[in-house]
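To keep things clear, I will list the structure first and then write my remarks on it.
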Amino acid sequence: MSIYNQKLLLTKVIILLCIFFTIQSFSQESEFETTGTPKNIIPDVELEDTDNETNNYSDKVIDTVDNIAITELPKISAGWTGILSEEDGSLGWDMWNGTDANFAKILIELLPVNAPSAAMRSLAKRLLLSRAARPLVSSTKELSVIGPDGKPIELENKEATFLSLRFSKLARLGAGKELLKLSETVHPADMVDTLAKEAISARLLSGETKQVCSEVINLARRTEELHWRKILVICQLIEGKRDAALLSLELLMAELESEDVFSSLIYSLADGYAPPEESNLESTYFQILVAVLPGELLDKQRFKLSPSGKRVVALTPSHPWKLRILLAEQAVAAGALESSFLGQLCAEYSFAENIFTRAATESKNMEGYMARTLLYQASMRATSYIERARFLRLLLDRSDEEDLFATYASAIIPILATLKPRSDLIWFADSAARAAMAGGNYKLASEWLALLGKTADLDFEASGSLLRLLPLIAVSGQPLPSPFISSQATDVWSGLPDTLSHMEKQHRASRLLVLLSAMGIEIAEGSWKNLVNPEYTHTEESIPSSALRYQLIDAAKKRRVAEVVAISLIMLGSDGPSKSGLVSLNAVIRALRKIELEDDARAIAVEAAIAATQ
1 MSIYNQKLLL TKVIILLCIF FTIQSFSQES EFETTGTPKN IIPDVELEDT DNETNNYSDK
61 VIDTVDNIAI TELPKISAGW TGILSEEDGS LGWDMWNGTD ANFAKILIEL LPVNAPSAAM
121 RSLAKRLLLS RAARPLVSST KELSVIGPDG KPIELENKEA TFLSLRFSKL ARLGAGKELL
181 KLSETVHPAD MVDTLAKEAI SARLLSGETK QVCSEVINLA RRTEELHWRK ILVICQLIEG
241 KRDAALLSLE LLMAELESED VFSSLIYSLA DGYAPPEESN LESTYFQILV AVLPGELLDK
301 QRFKLSPSGK RVVALTPSHP WKLRILLAEQ AVAAGALESS FLGQLCAEYS FAENIFTRAA
361 TESKNMEGYM ARTLLYQASM RATSYIERAR FLRLLLDRSD EEDLFATYAS AIIPILATLK
421 PRSDLIWFAD SAARAAMAGG NYKLASEWLA LLGKTADLDF EASGSLLRLL PLIAVSGQPL
481 PSPFISSQAT DVWSGLPDTL SHMEKQHRAS RLLVLLSAMG IEIAEGSWKN LVNPEYTHTE
541 ESIPSSALRY QLIDAAKKRR VAEVVAISLI MLGSDGPSKS GLVSLNAVIR ALRKIELEDD
601 ARAIAVEAAI AATQ
């Protein structure tokens, strides 16, 4: 049989099968079209019952709807990657609403990271970590750059730039854990090129060396890219593999056929010297390495590190104890290190056993950091209430001399909590109350203030101590102890120590009145008039530019939250609230209160008031 005949026969068979199935289908449909009484396939239901059930169901639906709480619709495509929700303390989804993206970038670049202020650090972290809608780029009438294909060229990836900046700022703030969480929220497809490099450098800068170096070593095996090979050298030095690092560097330099700034940096640091090139001192590579590498000749540079770098130094056991304690004090002051760790470092130092019998006397002849350490240990060892209070009082006084009162106040809270306010400790009550407020333990502070209040009428010194603390109590939002009333809190002159000069009193009284007024506390009539003095009609202080001050006013008025926070931090500067000028403090506190960040405004005011009531 030919191939043609086979195909013809197959075609006929297919046609016959199609006809057969068509007939079968038609016959089945015909069975349902037969005449006669149709079958009721729905059970019979009384109409009245149906109406009742329908009405009952409708009522249930209405009740259910009434119980539904309609909340904010989910946010989609945030654009501004973050890890803080509003429940976690974010600044709100619309925090950048009304702020141009280019201006937002400038503000983030200007954020200070070295300020000795836990309140400022908290605000900065929330600004950098909040989930929010991305600030928009203002429309421009300028022409776009045209590419070879005739289409406009996108000049800059705004989101990537913001993330890089935020990584860098978080690293220098010492927010290593938050930085890692933020980087993990970035989609892997976006965590490439410059952004990936910035993330790794920032994590190393924050002290997260072990995990990051493990990732870098694995990555360096799969790529020949120059950047990752340099980071590999950095990690080898961090891990103490000096010879391996120098070998990696030599191989790298052989391929480049020339030495660069990086090689001189590595050769210097590997031998324990600071690099000769001034530009190297500002590089991220140097900032990472100088915090962990040994060498006394590098100590001078370590004191210039950001709070993050100082935290890393304090946590590195191989560094000398003196270096660690000094930088731990600064890191705690900036909020980059837990105050409990400062206490641990103080407890680590080994004194001769017989020194504790004369600790108060011995501490007078010691350097500040050593005296504070001795007094801290002495307060822990003391078994007498009076002796423990005595050592704590001396420790707080020595801390006050170097603007470290709040730093050690937070460190001694566990020790202070072991003392119960009682009449034979009245001489310690003002220091205890001030330390408790500085450490954020207002319940403990109120107990010591109550003790002062009970004896104020009988004890002149107790009365003076309490008068000195009244402005601080009012600024912190705590109730004044009986029998004092709110108007007495603004009588700032009465509580000033007689040991101060008239000019010092003038300055301190002005500072307290500004803080009270900025927090919305009504100043007693005549308080400002009493400070007017022909000799002090003008004063000198560092004030922010007019542009910043008026931009802050406008941003607060129009509730541009992120802009207000950023400008406030910039105006307070690297010295923090305790040393900020009155113009800055007044403007910042009022602006933060206007956008309903009352707690943050109060925290800043309290830090400034603590310094003004020493």
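According to the working numbering, the residues represented by the sequence shown are 1 to 614, in order. Don't be surprised by glycine CBs; every beta carbon is placed ideally from N, CA and C. The structure presented is a predicted model; accordingly, all values stated were derived computationally and were not measured.
Under DSSP, the alpha helix (DSSP H) around N218 begins and ends at which residues? For the purposes of this step, residue 218 is taken as the residue at position 218 of the sequence shown. Start and end: T209 to A220.
Taking DSSP's pairing of strands, which residues face A132 in a bridge? One-based indexing of the sequence shown puts residue 132 at position 132. Its beta-bridge partners are W80.
For G176, which residues of its own chain have a beta-carbon under 6 Å away from its beta-carbon, when the five flanking residues on both sides are left out? Here residue 176 refers to the residue found at position 176 of the sequence shown. So the list reads S206, G207 and E208, once near-sequence residues are dropped.
Between S446 and R602, how many whole angstroms is the CB-CB distance? I'm expecting something under 8 Å. To locate residue 446, count along the sequence shown from 1; it is residue 446. To locate residue 602, count along the sequence shown from 1; it is residue 602. Actually they are not in contact, since the Cβ atoms of S446 and R602 sit about 16 Å apart, beyond 8 Å.
If we call anything under 9 Å between Cβ atoms a contact, is I231 one with A245? Within the sequence shown, the letter at position 231 stands for residue 231. Within the sequence shown, the letter at position 245 stands for residue 245. Their beta carbons are not under 9 Å apart, which means I231 does not touch A245 by this criterion.
Using the three-state DSSP reduction, which class does E87 fall into: helix, strand or coil? Walking along the sequence shown from the start, residue 87 turns up at place 87. It is helical.
Which runs of the beta strand (DSSP E) at least 3 residues long sit entirely within the segment 96-130? Give them in chain order. none
Alpha carbons only, please: which of S340, Q377, A333 and A360 is nearest the one belonging to S350? Sequence index remark: in the sequence shown, residue 350 carries index 350 (1-based). Comparing Cα positions, the closest option is Q377.
On the three-state DSSP scale, how would you describe P38? Mapped onto the sequence shown, residue 38 falls at position 38. In this predicted model, P38 has a pLDDT of only 41, less than 50, meaning its place in the structure is not dependable enough to derive any value.
Tell me whether N114 is buried or exposed, calling it buried when 16 or more other Cβ atoms sit within 10 Å of its Cβ. For the purposes of this step, residue 114 is taken as residue 114 along the sequence shown, with counting starting at 1. The residue in question, N114, is buried, as its Cβ has 16 or more Cβ neighbours within 10 Å.
For the alpha helix (DSSP H) that contains Q506, what are its first and last residues? Residue numbering aside, residue 506 sits at position 506 when the sequence shown is read from its first letter. Residues H502 to A518.
Can you round the beta-carbon distance between S90 and R131 to whole angstroms, since I take them to be within the 8 Å contact cut? As a first step, residue 90 must be located in the sequence shown, where it is residue number 90. As a first step, residue 131 must be located in the sequence shown, where it is residue number 131. S90 to R131, Cβ: 6 Å. Contact.
Which residues mark the beginning and the end of the alpha helix (DSSP H) in which T622 is found? Past the edges of the chain, shown from 1 to 614, lies residue 622, and the structure says nothing about it.
According to the Cβ coordinates, are D491 and L472 closer than 9 Å? Reading the sequence shown from its first residue, position 491 is the one you call residue 491. Reading the sequence shown from its first residue, position 472 is the one you call residue 472. A distance of 9 Å or more separates the beta carbons of D491 and L472.
S652 to E525 span [Cα, whole Å]: Since the displayed the chain opens at 1 and closes at 614, residue 652 lies outside it and no answer follows.
Can you give me the C-alpha to C-alpha distance between L226 and R302, rounded to a whole angstrom? If you number the sequence shown from 1, residue 226 lands on position 226. If you number the sequence shown from 1, residue 302 lands on position 302. L226 and R302: Cα-Cα distance of roughly 27 Å.
Measure how close the beta-carbons of I108 and K181 come, nearest whole angstrom, since I'm counting them as under 8 Å. Residue mapping note: residue 108 aligns to position 108 of the sequence shown, counting from 1. Residue mapping note: residue 181 aligns to position 181 of the sequence shown, counting from 1. The Cβ separation is near 19 Å, so there is no contact.
Would D403 and P116 qualify as a contact pair, given that the criterion is a beta-carbon distance under 9 Å? The residue labelled residue 403 in the question sits at position 403 within the sequence shown. The residue labelled residue 116 in the question sits at position 116 within the sequence shown. Yes, the Cβ-Cβ distance between D403 and P116 is below 9 Å.
Could you give the distance in angstroms between the alpha-carbon of R203 and the alpha-carbon of S183? As a working mapping, residue 203 is identified with position 203 in the sequence shown. As a working mapping, residue 183 is identified with position 183 in the sequence shown. Taking the straight line from one Cα to the other gives about 9 Å.
Might you give, ordered along the chain, the residues of its own chain that have their beta carbon closer than 6 Å to the beta carbon of A518, omitting 5 neighbours on each side? Numbered from 1 along the sequence shown, position 518 holds the residue referred to as residue 518. Only N586, I589 and R590 meet the Cβ criterion.
Inter-residue spacing [alpha-carbon to alpha-carbon] between T99 and L513: Working through the sequence shown from its first residue, we reach residue 99 at position 99. Working through the sequence shown from its first residue, we reach residue 513 at position 513. The alpha-carbon atoms of T99 and L513 are separated by roughly 33 Å.
7 Å CB neighbourhood of R549 in its chain, flanking five on each side removed: In the sequence shown, residue 549 corresponds to position 549, counting from 1. Correct list, in chain order: A587.
Local conformation of T284 per DSSP, three classes: For the purposes of this step, residue 284 is identified with residue 284 of the sequence shown, where counting begins at 1. The answer is helix: DSSP assigns T284 an H, G or I state.
Contacting residues, own chain, Cβ-Cβ under 7 Å from E362 (five flanking each side not counted): By 1-based counting over the sequence shown, the position of residue 362 is 362. Sequence-distant partners of E362 (beyond 5 residues in either direction) whose C-beta falls short of 7 Å from its own C-beta, in its chain, are I355 and L374.
Would you mind reading off the limits of the alpha helix (DSSP H) that contains A612? By one-based count along the sequence shown, residue 612 stands at place 612. DSSP places A612 in the uninterrupted alpha helix (DSSP H) bounded by E598 to A612.
Can you give the Cα-Cα distance for T284 and L396, rounded to whole angstroms? For the purposes of this step, residue 284 is identified with residue 284 of the sequence shown, where counting begins at 1. For the purposes of this step, residue 396 is identified with residue 396 of the sequence shown, where counting begins at 1. Rounded to the nearest angstrom, the two C-alpha atoms are 37 Å apart.
Indicate whether the contact test is met: 3 or more Cβ pairs, each with one atom in the segment 564-578 and one in the segment 478-492, closer than 8 Å. no
Taking the alpha helix (DSSP H) that V561 belongs to, which residues open and close that run? The sequence position of residue 561 within the sequence shown is 561, counting from 1. Taken as a continuous stretch (DSSP letters only), the alpha helix (DSSP H) holding V561 covers V561 to L572.
Check whether the segment 386-395 touches the segment 408-428, counting contact only when three or more Cβ pairs, one atom from each stretch, lie closer than 8 Å. yes
Bounding residues of the alpha helix (DSSP H) (the contiguous stretch that carries G453): As a working mapping, residue 453 is identified with position 453 in the sequence shown. Element bounds for G453: Y442 to T455.
Which residues in the same chain as F428 place their Cβ atom closer than 7 Å to its Cβ, once the five residues preceding and following it in sequence are excluded? By 1-based counting over the sequence shown, the position of residue 428 is 428. Counting only Cβ-Cβ distances below 7 Å, and skipping sequence neighbours, we find A389 and R393.
My parser needs the alpha helix (DSSP H) runs of 4 or more residues fully inside the segment 406-446; what are they? Fully enclosed alpha helix (DSSP H) runs of 4 or longer: 426-438.
How close, in whole Å, do the beta carbons of V292 and V312 come, if the pair is a contact with beta carbons under 8 Å? What you label residue 292 is simply residue 292 of the sequence shown in a count that begins at 1. What you label residue 312 is simply residue 312 of the sequence shown in a count that begins at 1. With a Cβ gap of about 6 Å, V292 and V312 count as contacting.
In the structure shown, what three-state DSSP assignment does I553 receive? Here residue 553 refers to the residue found at position 553 when the sequence shown is read from its first residue. Reduced to three states, the DSSP call for I553 is helix.
N-terminal and C-terminal residue of the alpha helix (DSSP H) that F351 is part of: Looking up residue 351 in the sequence shown gives position 351. Taken as a continuous stretch (DSSP letters only), F351 belongs to no alpha helix (DSSP H), as it is neither H nor E.
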